[in-house]
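The structure appears below as structure tokens.
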Amino acid sequence: MNFNPKRILIVDDNTKIHEDFCKVLNTCLEDQSLKAAESILFGKPDDTQTPSSHEEPNYTIDSAYQGEEALELVRKSMLLDQPYALAFIDIRMPPGWDGIFTIKKLWEVDAELQVVICSAHSDYSWDAMSKQLDNSDNFLVLKKPFELIEIRQLAASLTKKWELRKRVNYQIQNLNKIVNERTESLNKSNQNLAESLSLINATLESTQEGILAVCREREIITYNKMFLRLWDINENLLKMQSPEMIFQQLAQQAEESQLFFSTLLSLYENPKKENIREWKLQSGKILELYSHPRYIDNKQVGSVFSFRDITERKKLEEQLLYQATHDSLTRLPNRILLTDRIQQAILHAKRYRMFVGILVVDLDNFKQINDSLGHNAGDILLKLVSKKLLSCVRESDTVTRLGGDEFVLVLVSLKNEEELIQKARQLVETFLVPSEIENHQLTVTVSIGISVYPKDGHDPDILLRNADAALYHAKEEGRNTFQFYRTEFNDHLLQRAELTTALRQALPHNELTLHYQPLIELNTDNIIGMEALLRWKHPTFGNVSPQVFIPLAEETGLIASIGEWVLKEACQQAKLWQKTVSPTLRIAVNVSAYQFKQKNFIDIVRSALQESTLDPSYLELEITESLIVTNSEDVLKKMSELKMMGVYLSIDDFGTGYASLSYLRYFPFDKIKIDKSFIEGVVHNTEDRSIIEAIINMTKSMGLEVLAEGVERKEQVDFLRQTPNTQVQGYYFSPALGKEECTILLEKQNAQEKAE
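Using our numbering, you'd call the opening residue of the sequence shown number 14 and step up by one each time.
Okay, structure coming up:
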């Protein structure tokens with residue numbers, strides 16, 4: 014008898030699906046906890062019949078692309094005594110048979126074939142499928158898209174179930190064979206009676222199944238001790254009662270008492286075929302019942318019932334399924350369950366003419382918390398977020414975590430969109446209440462994107478995609494708010510996706526250039542440096558604003574390669590200007606937080622200086638204010654290394670973030686650049702003037718240089734001339750120019766200095 018459970022048949026009209034299954038099912042699992050779980054689930058294998066428990070499953074996988082082809086493979090496998098243990102069957106396979114009809118045909122050839130129905134559609138409800146397949150327990154339904162671990166778990170569980178069933182059948186067949194042989198022997202000679210009974214009894218008692226054999230003459234033929242233990246039955250009562258009375262006693266322990274009794278009685282009175290089914294007892298125990306008709310001389314004389322305790326196996330299966338469908342951190346349902354929950358909500362809303370709300374919730378600036386307080390604090394925050402979300406919804410609603418800091422709420426049975434507006438406002442207000450995390454009071458706001466069934470879609474994927482589009486717009490609107498989906502959002506996202514694709518080609522296609530804006534010493538009006546500013550001219554989009562493409566570069570990680578190019582290009586240009594027109598010119602380069610956090614950032618700076626032969630003191634790196642308040646230990650270490658190299662350091666856009674002047678004492682800056690938002694108000698706002706004067710005076714006392722950004726008007730210049738040794742930058746003196754135009758400016762200044 015072939016017990017090999019590793020033969021699997023994939024039936025799907027999509028070639029890609031076959032390739033995916035082969036990759037998933039023949040890839041070794043590295044998760045040791047899963048191996049341990051499988052050991053508990055399946056028991057210690059018999060070394061003579063199965064691989065070592067330390068070996069991974071090695072499935073033999075065959076493919077069929079239509080139902081007719083699958084039927085021929087199953088017929089061939091049965092003829093060769095190499096049956097398939099499991100088949101993954103697609104529900105739709107045009108132009109041939111659909112999945113349900115295919116399963117029926119396959120079961121006509123091999124009734125024990127385990128089946129997993131794979132579907133991303135709702136052509137059949139569970140009740141409809143179960144009815145068409147005669148309420149068989151030989152199939153499961155798997156919704157697409159599915160997770161890798163889910164496929165592996167189903168393959169492992171169902172092939173093992175198939176193998177166990179085969180072994181039980183084999184044992185029962187052997188038992189019947191032994192019984193028949195010994196019965197015949199008894200008829201021939203009473204001398205062998207004792208030996209035969211002893212052998213039968215030993216066989217019965219050696220198995221782990223509880224065995225009960227009955228004859229058609231309303232008598233109990235035999236049973237074993239395991240049967241008594243599984244059902245906790247007094248042996249004396251068993252000897253005195255008929256099969257029907259025993260069935261009634263067993264049924265009293267089952268949860269579905271009447272159904273269990275009628276099933277046993279039917280199998281006893283009409284023992285025409287084998288049957289296997291799981292039953293749950295009121296005690297919580299789960300038993301697998303297998304029945305087999307008993308024959309003597311090809312005549313049905315009774316039935317043999319075999320009961321196996323599968324409680325622990327079922328618990329472990331449920332645990333593995335729960336782990337596969339729930340987030341391990343928050344214990345919320347994950348993406349696997351989300352689609353099904355949305356689909357069920359849609360069906361209910363369609364039936365009762367109601368609405369479904371899909372809310373995609375994303376935490377604002379969650380990455381800053383992870384970077385500044387660590388991932389442990391981030392995990393604590395995510396758990397608190399899940400509790401807050403659950404407190405805002407009803408039991409009938411669903412809260413899921415998709416991963417990272419993104420959650421999805423499915424609000425069901427809504428009468429109108431006003432209920433959604435109220436719920437969104439409640440969520441925003443709830444998150445304005447600070448949370449205490451590791452002795453820190455944190456207020457973490459949320460941005461919410463909302464789509465509504467049926468207005469915004471009739472499919473879970475479309476509703477989620479539209480809610481995502483609305484979420485993106487909410488973040489663009491300044492975060493801490495919510496947005497309902499509008500059709501134009503998708504157009505905006507499409508444009509953004511096209512721009513992202515184009516940005517990936519900008520550097521290799523030489524579409525990026527550097528412009529330079531002069532840095533002016535206000536006391537002399539001389540150019541003392543240039544700030545390198547990145548520009549992008551696309552052949553189709555034209556000139557793309559840095560305010561648009563710089564954030565895209567940071568989000569996609571392209572800023573790393575682009576930033577390295579900017580640094581090297583700026584250093585080479587600065588060295589060229591020093592050789593030709595301005596020997597002491599300093600070049601300033603902006604450094605994004607993403608760049609600075611790269612492990613090899615110091616090496617990149619060193620390489621740019623070496624290739625250009627630029628003296629490090631003439632390279633000014635501008636660091637954003639927000640960087641120094643997150644992960645400050647690593648920032649300070651890198652800044653110290655740069656200072657040891659001789660690089661000049663400045664803090665950009667000072668006053669717009671969280672840093673204060675006292676904070677600067679801990680970092681080796683050489684200059685601060687006052688943000689233009691302060692400079693704009695110095696003409697008419699006495700408070701802004703006082704702030705600027707205080708910043709300049711305190712900064713000078715700390716030995717730092719000061720530069721005012723965004724100087725555009727004469728009145729601003731006149732005010733700044735009254736401050737000591739201030740540098741300025743802005744359109745009043747010059748916009749950002751190409752390198753040729755900057756060269757002309759430097760040549761004019763050089764000529765004036767020589768004339769004087």
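Ideal Cβ placement from N, Cα and C applies to all residues, glycine included.
Assigned secondary structure, residue i (DSSP; H/G/I helix, E/B strand, else coil)
{"i": "Glu1", "result": "This structure cannot speak to residue 1, because the chain is shown only from 14 to 769."}
{"i": "Gln332", "result": "helix"}
{"i": "Pro748", "result": "coil"}
{"i": "Leu520", "result": "coil"}
{"i": "Asn378", "result": "coil"}
{"i": "Gly470", "result": "coil"}
{"i": "Phe554", "result": "coil"}
{"i": "Val314", "result": "strand"}
{"i": "Trp578", "result": "helix"}
{"i": "Thr500", "result": "helix"}
{"i": "Ser132", "result": "strand"}
{"i": "Ile563", "result": "helix"}
{"i": "Thr597", "result": "coil"}
{"i": "Gln765", "result": "helix"}
{"i": "Thr736", "result": "coil"}
{"i": "Ile289", "result": "strand"}
Whole-angstrom distance between residue j and residue i, CA atom to CA atom
{"i": "Arg734", "j": "Glu728", "result": "10 Å"}
{"i": "Ile21", "j": "Leu99", "result": "5 Å"}
{"i": "Thr324", "j": "Asn347", "result": "26 Å"}
{"i": "Lys436", "j": "Leu477", "result": "18 Å"}
{"i": "Gln439", "j": "Ala482", "result": "21 Å"}
{"i": "Val648", "j": "Ser630", "result": "20 Å"}
{"i": "Leu397", "j": "Glu449", "result": "10 Å"}
{"i": "Asp666", "j": "Ile687", "result": "6 Å"}
{"i": "Glu753", "j": "Val741", "result": "22 Å"}
{"i": "Leu532", "j": "Leu512", "result": "32 Å"}
{"i": "Asn39", "j": "Asp353", "result": "28 Å"}
{"i": "Glu121", "j": "Leu84", "result": "10 Å"}
{"i": "Ala773", "j": "Gly542", "result": "Outside the displayed range of the chain (14 to 769) lies residue 773, so it cannot be described from this structure."}
{"i": "Lys166", "j": "Cys131", "result": "First, the residue type needs correcting, since residue 166 is Gln and not Lys in the sequence shown. Cα to Cα, the separation comes out at about 15 Å."}
{"i": "Leu302", "j": "Val37", "result": "32 Å"}
{"i": "Ala768", "j": "Thr553", "result": "47 Å"}
{"i": "Gln530", "j": "Ile540", "result": "10 Å"}
{"i": "Gln332", "j": "Ala168", "result": "16 Å"}
{"i": "Thr537", "j": "Gln611", "result": "39 Å"}
{"i": "Lys327", "j": "Glu163", "result": "16 Å"}
{"i": "Leu252", "j": "Arg321", "result": "Checking the sequence, you will find Lys at residue 252 rather than Leu. Straight-line Cα distance between these residues: approximately 22 Å."}
Same chain, Cβ closer than 7 Å to residue i, five either side skipped, listed in chain order
{"i": "Leu520", "result": "Ser574, Ile575 and Trp578"}
{"i": "Trp549", "result": "Ala519, Glu524, Leu525, Val557 and Phe562"}
{"i": "His453", "result": "Leu386"}
{"i": "Ile234", "result": "Ala226, Val227, Cys228 and Gly315"}
Residues that DSSP places opposite residue i in a beta bridge
{"i": "Ser319", "result": "Ile224 and Tyr303"}
{"i": "Val459", "result": "Leu376"}
{"i": "Ala267", "result": "Leu294"}
{"i": "Asp75", "result": "Leu22"}
{"i": "Leu99", "result": "Ile21 and Gln127"}
{"i": "Ile704", "result": "Paired residue(s): none; Ile704 is not in a bridge."}
{"i": "Val398", "result": "For Val398, which the question treats as bridged, DSSP gives no partner whatsoever."}
{"i": "Thr537", "result": "In the DSSP output, where bridge partners are listed per residue, Thr537 has none listed."}
{"i": "Pro531", "result": "Met543"}
{"i": "Gly370", "result": "Leu424 and Val465"}
Own chain partners of residue i with C-beta closer than 6 Å, once the 5 adjacent residues on each side are dropped
{"i": "Ser46", "result": "Note that Ser46 has pLDDT 45, beneath the 50 cutoff, so the model's placement of it is unreliable and the number below is only indicative. For Ser46, where only same-chain residues beyond five positions count, there are no Cβ hits under 6 Å."}
{"i": "Ser409", "result": "Val425"}
{"i": "Ser464", "result": "Ile371, Leu476, Asn479, Ala480 and Tyr498"}
{"i": "Phe419", "result": "The sequence as given places Glu at residue 419; Phe does not occur at that position. For Glu419, where only same-chain residues beyond five positions count, the Cβ hits under 6 Å are Asp375."}
{"i": "Arg88", "result": "Val122"}
{"i": "Pro96", "result": "Ser90 and Asp123"}
Cβ-based burial, residue i [other Cβ within 10 Å; buried from 16]
{"i": "Glu197", "result": "exposed"}
{"i": "His305", "result": "buried"}
{"i": "Pro748", "result": "exposed"}
{"i": "Asn710", "result": "exposed"}
{"i": "Thr597", "result": "exposed"}
{"i": "Leu126", "result": "buried"}
{"i": "Gln779", "result": "As displayed, the chain neither begins before 14 nor continues past 769, which places residue 779 out of reach and without an answer."}
{"i": "Lys29", "result": "exposed"}
{"i": "Gln591", "result": "buried"}
Chain-order list of residues whose beta-carbon lies under 8 Å from that of residue i (same chain, five-residue window excluded)
{"i": "Tyr308", "result": "Asn189, Asn193 and Val314"}
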